[in-house]
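Notes to accompany the following structure.
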Amino acid sequence: MSMFEDIPVDVGVIYEGERIRRNDMYVELGGPDIKEKFELARVKKPEEVEDGKINIIGPDLKDMEEGKSYPFGILIEVAGPQLEEELEGVIERRIHEYCNFIEGFMHLNQRYDIWLRLSKKSFQKGLNSFQFIGKVLHRLFKSELPIIEKMQVTFITDPAKVKELYSEALKIYEARDARARGLKDEEVDKFYGCILCQSFAPTHVCVITPQRYSNCGAISWFDGRAAASIDPKGPVFTIEKGELLDPVKGEYSGVNEAVKKKSLGEITRVWLYTAFGYPHTSCGCFEGVAFYIPEVDGFGIVHRGYRDLAVNGLAFSTLADSTAGGRQVDGFHGISIEYMRSPKFLQADGGWSRVVWLPKEVKERVKSFIPAELVDKIATEENAKTIDELKAFLKERNHPVVERWKEEVTVAIEEAAPAEAKEGGSSAVPVVTAAALPITAGGFKIILKDAKIYAKKVVIRSLKSEKAEKG
Ligand code: SF4
């Protein structure tokens with residue numbers, strides 16, 4: 025039975041995490057094939073909001089052609105005496121959660137990256153108008169966040185109107201992010217956590233600090249604080265910092281405790297400012313991936329909107345699969361664009377001096393936050409499309425990672441260890457150890473806990489001497 029009798033499909037938390045494949049979709053709204061898409065929440069004066077009003081600008085669901093993708097915008101306008109502009113980001117992020125409560129309606133990502141699909145099945149059941157979606161959003165928002173007194177929803181599918189509002193939305197996101205810049209982790213005694221993405225990645229916990237924006241890029245420390253205060257039982261919660269265990273890697277006793285509790289014991293340590301060891305987990309809706317490139321001992325970054333292959337020959341989707349799922353994967357790190365503007369961005373790994381490649385579009389967006397002496401040393405797709413081209417570029421520009429190549433050693437496993445190799449045995453040396461080592465094969469994911477991989481022989485050779493030998 026449906027939660028709401030006047031809605032043709034079921035609505036409930038059980039539909040969160042439901043995926044709709046291309047073959048099963050009736051239409052797609054936003055998504056990778058559409059440049060202009062957005063969702064936006066605005067706090068308004070009471071006289072500017074008509075409670076329960078649902079506007080549709082452009083074709084409604086029933087007027088759309090089956091199988092097609094459409095430009096799309098959702099504008100939520102709210103009013104209430106306790107509502108402040110500071111809450112807009114938090115209200116906006118709930119669009120994701122509440123849309124996903126609707127049977128056969130999938131919502132991914134956030135802000136200018138939204139990707140929604142309506143299933144054929146739900147369309148056939150009668151979910152053929154945004155009026156229904158608007159009604160559900162209106163009811164869920166008002167029941168879950170009672171400080172919203174009035175709310176109206178506008179769905180925009182008219183391409184010209186989407187385009188116009190999209191550029192306005194970008195300015196609003198930037199102003200919101202800029203407000204949150206400047207505050208330091210050291211200046212606060214509380215961080216915030218978010219588990220909204222656990223429906224997709226059950227062990228994922230976002231830790232939001234003043235200098236580490238959430239992975240989705242939609243929740244700042246200020247947003248976290250606002251969300252935890254208006255809805256203390258909601259998905260965003262307070263984390264007492266506790267003791268600072270490592271200022272460079274960014275390890276706090278309070279963060280470790282909170283993450284352990286919220287991941288039900290799966291994740292026990294988090295190092296906020298590195299992609300190695302115990303990196304922050306990655307859910308699935310991160311804006312970009314920082315991926316380690318062993319050949320140059322540096323990081324590449326690729327964002328969700330990048331359609332070509334990254335410099336290591338892999339597409340965003342492949343890199344995202346290696347990163348996502350609430351795991352801690354060495355060298356694969358889900359990040360937001362705003363985190364790239366933080367002075368603590370990957371600080372334990374060398375920060376920007378370790379970044380070697382990123383798409384031009386992202387570079388332009390964060391350029392003023394890259395140390396001036398590095399800007400021209402970091403390649404984009406215009407400078408390098410392959411690892412060989414990248415190596416040549418980095419060498420020519422004397423990127424700081426080139427220094428590392430001289431010190432670097434390579435570890436080569438010559439012969440795999442026999443299965444019966446024992447720890448401490450005369451010939452077996454552990455070459456890889458990990459608290460949890462995931463292996464994906466044939467559609468199964470196997471996690472080796474406290475894994476140690478042994479090799480009969482380990483050869484350590486400097487890159488320099490190897491090159492000399494070849495030369
Ligand atoms: S990415 Fe993090 S902050 Fe954003 S919704 Fe998911 S869990 Fe919350």
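Note that the numbering used here has the sequence shown beginning at 25, numbered continuously upward.
Note that beta-carbon positions come from the ideal geometry of N, C-alpha and C, so glycine has one too.
Because the structure is a prediction, the values reported are computed rather than measured.
(request) Run the proximity test for Ser238: is its beta-carbon closer than 6 Å to any non-hydrogen atom belonging to the ligand SF4? (result) Translated into positions along the sequence shown, residue 238 becomes position 214. Yes, the beta carbon of Ser238 sits closer than 6 Å to at least one heavy atom of the ligand SF4.
(request) Would you be able to state if there are at least three C-beta pairs under 8 Å between the stretch 279 to 290 and the stretch 209 to 220? (result) yes
(request) Classify Lys430 as helix, strand or coil using the three-state DSSP reduction. (result) As a first step, residue 430 must be located in the sequence shown, where it is residue number 406. Here Lys430 sits in helix by DSSP.
(message) What does the alpha-carbon distance come out to for the pair Glu509 and Lys77?
(response) Residue 509 falls outside the range modelled here, since the chain spans only 25 to 495, and no answer is possible.
(request) Provide the residue span of the beta strand (DSSP E) that contains Ile31, from first to last. (result) Within the sequence shown, the letter at position 7 stands for residue 31. From DSSP, Ile31 is part of no beta strand (DSSP E); its letter is neither H nor E.
(message) Any heavy atom of the ligand SF4 inside 6 Å of the beta-carbon of Leu140?
(response) Numbered from 1 along the sequence shown, position 116 holds the residue referred to as residue 140. No, the Cβ of Leu140 stays beyond 6 Å of every heavy atom of the ligand SF4.
(message) Which residue marks the beginning of the beta strand (DSSP E) containing His357, and which one marks its end?
(response) As a position in the sequence shown, residue 357 is number 333, starting the count at 1. Residues 356 to 359.
(request) Return yes when the C-beta of Leu220 is under 6 Å from any heavy atom of the ligand SF4, and no when it is not. (result) The residue given as residue 220 occupies position 196 in the sequence shown. Result yes, Cβ under 6 Å from the ligand SF4.
(request) Find out if the Cβ-Cβ distance for the pair Val390, Arg365 is shorter than 7 Å. (result) Residue numbering aside, residue 390 sits at position 366 when the sequence shown is read from its first letter. Residue numbering aside, residue 365 sits at position 341 when the sequence shown is read from its first letter. Contact flag set, yes.
(message) Would Ser143 and Asp48 be called neighbours here (beta carbons separated by less than 7 Å)?
(response) For the purposes of this step, residue 143 is taken as residue 119 along the sequence shown, with counting starting at 1. For the purposes of this step, residue 48 is taken as residue 24 along the sequence shown, with counting starting at 1. Their beta carbons are under 7 Å apart, which means Ser143 touches Asp48 by this criterion.
(request) State yes or no: is the C-beta of Cys123 nearer than 6 Å to some heavy atom of the ligand SF4? (result) Taking the first residue of the sequence shown as position 1, residue 123 is located at position 99. Outside the cutoff, so no.
(message) Could you compute how far the alpha carbon of His162 sits from the alpha carbon of Lys409?
(response) Your numbering for residue 162 matches position 138 in the sequence shown. Your numbering for residue 409 matches position 385 in the sequence shown. So the two alpha carbons sit approximately 47 Å from each other.
(message) Along the chain, where does the alpha helix (DSSP H) containing Leu194 start, and where does it finish?
(response) By 1-based counting over the sequence shown, the position of residue 194 is 170. 183 to 204 is the span of the alpha helix (DSSP H), which, as asked, contains Leu194.
(request) Could you tell me whether any Cβ in chain D is nearer than 7 Å to the Cβ of Phe154? (result) Included in the structure is just one protein chain, with no chain D present.
(request) Please report the residue range of the alpha helix (DSSP H) in which Ile140 lies. (result) Indexing the sequence shown from 1 puts residue 140 at position 116. Note that residue 140 corresponds to Leu in the displayed sequence, not to Ile. Looking at the DSSP string, Leu140 is not in any alpha helix (DSSP H); the run it does join, the beta strand (DSSP E), is 139 to 143.
(message) Bridge partners for Ala52 per DSSP, in chain order?
(response) As a first step, residue 52 must be located in the sequence shown, where it is residue number 28. Rather than Ala, the amino acid found at residue 52 in this sequence is Glu. Answer is Ser93, Arg141, bridged to Glu52.
(message) If you follow the beta strand (DSSP E) that Lys415 is in, where does it begin and where does it stop?
(response) If you number the sequence shown from 1, residue 415 lands on position 391. Per DSSP, Lys415 belongs to no beta strand (DSSP E); it is in the alpha helix (DSSP H), 411 to 421.
(request) Determine which residues share a DSSP beta bridge with Asn79 and list them. (result) Residue 79 sits at position 55 when you count from the first residue of the sequence shown. Thr178.
(request) Say yes only if the C-beta of Ile180 is nearer than 6 Å to one or more non-hydrogen atoms of the ligand SF4, and no if none qualify. (result) By one-based count along the sequence shown, residue 180 stands at place 156. Ile180: no, Cβ never under 6 Å from the ligand SF4.
(message) For the ligand SF4, is there any heavy atom lying closer than 6 Å to the beta carbon of Ile115?
(response) Within the sequence shown, the letter at position 91 stands for residue 115. Checking every heavy atom of the ligand SF4 against the Cβ of Ile115, none is found closer than 6 Å.
(message) Mapping the DSSP letters down to three states, classify Ala65 as helix, strand or coil.
(response) Reading the sequence shown from its first residue, position 41 is the one you call residue 65. Reduced to three states, the DSSP call for Ala65 is strand.
(request) Can you say whether Ile157 is buried or exposed, counting buried as having 16 or more other CB atoms within 10 angstroms of its CB? (result) As a working note, residue 157 is residue 133 in the sequence shown. Taking a 10 Å sphere around the C-beta of Ile157, we find 16 or more other C-beta atoms and assign the residue as buried.
(message) Just verifying my parser: in three-state terms, what is the DSSP assignment at Val435?
(response) Start at 1 with the first residue of the sequence shown, and residue 435 comes out as number 411. At Val435 the pLDDT is 45, less than 50, meaning the model places this residue with poor confidence; the figure from the coordinates comes in the next sentence. Strand.
(message) Less than 6 Å between C-beta atoms, sequence neighbours within five positions excluded: which residues of the same chain meet that for Ala372?
(response) In the sequence shown, the residue the question calls residue 372 occupies position 348. The residues are Val272, Lys273, Tyr297, Thr298.
(request) Tell me where the alpha helix (DSSP H) around Phe165 begins and ends. (result) Numbered from its first residue, the sequence shown carries residue 165 at position 141. First-last of the alpha helix (DSSP H) with Phe165: 154 to 168.
(message) Among Arg66, Ala251, Phe417, Gly355, whose alpha-carbon lies nearest the alpha-carbon of Leu189?
(response) Position 165 of the sequence shown, counted from the first residue, corresponds to residue 189. It is Arg66.
(request) Using 6 Å as the cut-off, classify the Cβ of Ile243 as near or not near the heavy atoms of the ligand SF4, replying yes or no. (result) Translated into the one-based positions of the sequence shown, residue 243 becomes position 219. At least one heavy atom of the ligand SF4 is nearer than 6 Å to the Cβ of Ile243, so yes.
(message) By the three-class DSSP mapping on this structure, what secondary structure does His304 have?
(response) Within the sequence shown, the letter at position 280 stands for residue 304. Coil, per DSSP.
(request) Identify whether Thr262 lies in helix, strand or coil by the three-state DSSP scheme. (result) Here residue 262 refers to the residue found at position 238 when the sequence shown is read from its first residue. If DSSP states are grouped into helix, strand and coil, Thr262 belongs with the strands.
(message) Considering just the uninterrupted stretch of the alpha helix (DSSP H) at Trp245, what are its terminal residues?
(response) Counting from 1 along the sequence shown, the entry for residue 245 is found at position 221. Unbroken alpha helix (DSSP H) run through Trp245: 245 to 254.
(message) So for Lys391, helix, strand or coil by DSSP?
(response) The count along the sequence shown starts at 1 and reaches residue 391 at position 367. When secondary structure is reduced to three states using DSSP, Lys391 falls in the helix class.
(request) Flag this pair as touching only if the stretch 49 to 63 and the stretch 185 to 200 have three or more C-beta atom pairs under 8 Å; answer yes or no. (result) The stretch 49 to 63 vs the stretch 185 to 200: in contact.
(message) Report the CB separation of Ile81 from Lys185 in whole angstroms; it is logged as a contact under 8 Å.
(response) Residue 81 sits at position 57 when you count from the first residue of the sequence shown. Residue 185 sits at position 161 when you count from the first residue of the sequence shown. Rounded, the Cβ-Cβ distance is 5 Å, consistent with contact.
(request) Only counting runs of 3 or more residues, tell me where the beta strand (DSSP E) segments fall wholly within the stretch 268 to 319, in order along the chain. (result) Uninterrupted beta strand (DSSP E) stretches at least 3 residues long and entirely within the stretch 268 to 319 occur at 268 to 270, 312 to 317, given in chain order.
(request) Counting only the same chain and skipping the five closest in sequence on each side, list residues whose C-beta sits under 6 Å from that of Arg43. (result) Stepping through the sequence shown from its first residue, residue 43 is reached at position 19. Answer for Arg43: no residue qualifies.
(message) Starting from Val379, trace the beta strand (DSSP E) in both directions and tell me its first and last residue.
(response) As a working mapping, residue 379 is identified with position 355 in the sequence shown. Per DSSP, Val379 belongs to the beta strand (DSSP E) from 379 to 381.
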